[in-house]
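The sequence shown begins at 26 in the numbering used here and counts up one residue at a time. Beneath this line is the structure, given in structure tokens, with notes to follow.
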Amino acid sequence: MRTRQRAPHIIRACVIAASSACALLLAGCQSPSARHAPTRVTFDDVPLGAVRNLSTDGRDFFSGVAEPTGLKVLRDDHGVKTVIDLRLPDQKPADYEQTVRSVGLEYVAVPIHSDALTPEDAEAILEALDEHNEAPMLIQCGSANRAGAAYGLYCALKLNRPIDEALRLAEQAGARNEQLKRDLERYLRARAEDEDDDDLDDNDDDDD
Numbered sequence: 026m027r028t029r030q031r032a033p034h035i036i037r038a039c040v041i042a043a044s045s046a047c048a049l050l051l052a053g054c055q056s057p058s059a060r061h062a063p064t065r066v067t068f069d070d071v072p073l074g075a076v077r078n079l080s081t082d083g084r085d086f087f088s089g090v091a092e093p094t095g096l097k098v099l100r101d102d103h104g105v106k107t108v109i110d111l112r113l114p115d116q117k118p119a120d121y122e123q124t125v126r127s128v129g130l131e132y133v134a135v136p137i138h139s140d141a142l143t144p145e146d147a148e149a150i151l152e153a154l155d156e157h158n159e160a161p162m163l164i165q166c167g168s169a170n171r172a173g174a175a176y177g178l179y180c181a182l183k184l185n186r187p188i189d190e191a192l193r194l195a196e197q198a199g200a201r202n203e204q205l206k207r208d209l210e211r212y213l214r215a216r217a218e219d220e221d222d223d224d225l226d227d228n229d230d231d232d233d
């Protein structure tokens, strides 16, 4: 098992027909600029609770606990290829990796706590997202709290969204824990300061 791993008002969407499912699938093929603010999604053909707190930005998906039935819908109707699981080992069934792989999806574990985000955690998440970004992903945890924080990281550092916007999008994708959100903001602002310092050093070198 691998352990390393926009924007109108929020609307609630209920995918009730095949045409709606096709629209979301096509959205998965759009460029990063075509992504939208995370939107809550439910599926009529998935039993209640099959994918907890599911939302999408038009390409990737963010959720809490996902049952096999929900994973199959994401695979078949929305092109999801990889599940990135942010839960700790004792927070999920021992055979969950096997369950995901039996559905035909790749499984990547990047365990982090729900109330803290270390720089090492952030780097591991970014590494996993980078490595599996060739197709739509499901980023999941227990309730979508950590998944939302992961999305905020991705928005700021890979989609080049302003930090304040990335933090807002993280909340829309599920981030709720106040300490986790503070750690996310601290990490993003530290990264931005480091990049500014690097730019200054480069300018000094050019002046020499």
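Ideal Cβ positions, reconstructed from N, Cα and C, are used throughout, including at glycine.
Taking all protein chains shown into account, do 16 or more other C-beta atoms lie within 10 angstroms of the C-beta of residue i, making it buried, or fewer, making it exposed?
i, result
"aspartate 120", "exposed"
"arginine 60", "buried"
"cysteine 180", "buried"
"valine 108", "buried"
"aspartate 146", "buried"
"glycine 167", "buried"
"alanine 215", "exposed"
"arginine 31", "Since pLDDT at arginine 31 reaches only 40, below the 50 mark, its modelled position is unreliable, and the value read off the structure follows with that caveat. Under this definition arginine 31 is a buried residue."
Could you pull the start and end residues of the alpha helix (DSSP H) that residue i belongs to?
i, result
"glutamine 123", "121-127"
"glutamine 197", "188-197"
"aspartate 155", "144-156"
"histidine 103", "93-103"
"leucine 178", "170-182"
From the DSSP output, read off the bridge partner residues of residue i.
i, result
"threonine 64", "Thr81"
"tyrosine 132", "Val108"
"glutamine 165", "Ser88 and Asp110"
Residue j and residue i - do their beta-carbons sit closer together than 8 Å?
i, j, result
"leucine 111", "glutamine 165", "yes"
"proline 144", "tyrosine 212", "yes"
"leucine 209", "leucine 184", "no"
"serine 88", "threonine 64", "no"
"alanine 174", "leucine 142", "yes"
"valine 133", "histidine 157", "yes"
"leucine 182", "serine 139", "no"
"asparagine 170", "arginine 201", "yes"
"cysteine 195", "tyrosine 176", "Checking the displayed sequence, the identity of residue 195 turns out to be alanine instead of cysteine. Result yes, Cβ atoms of alanine 195 and tyrosine 176 sit closer than 8 Å."
Determine the closest residue to residue i out of the options, with distance taken between C-alpha atoms.
i, options, result
"leucine 130", "Glu156, Leu96 and Leu142", "Leu96"
"alanine 91", "Asp146, Arg214 and Glu122", "Glu122"
"proline 161", "Arg214, Phe86, Glu218 and Arg193", "Phe86"
"threonine 124", "Asn78, Thr94 and Ala172", "Thr94"
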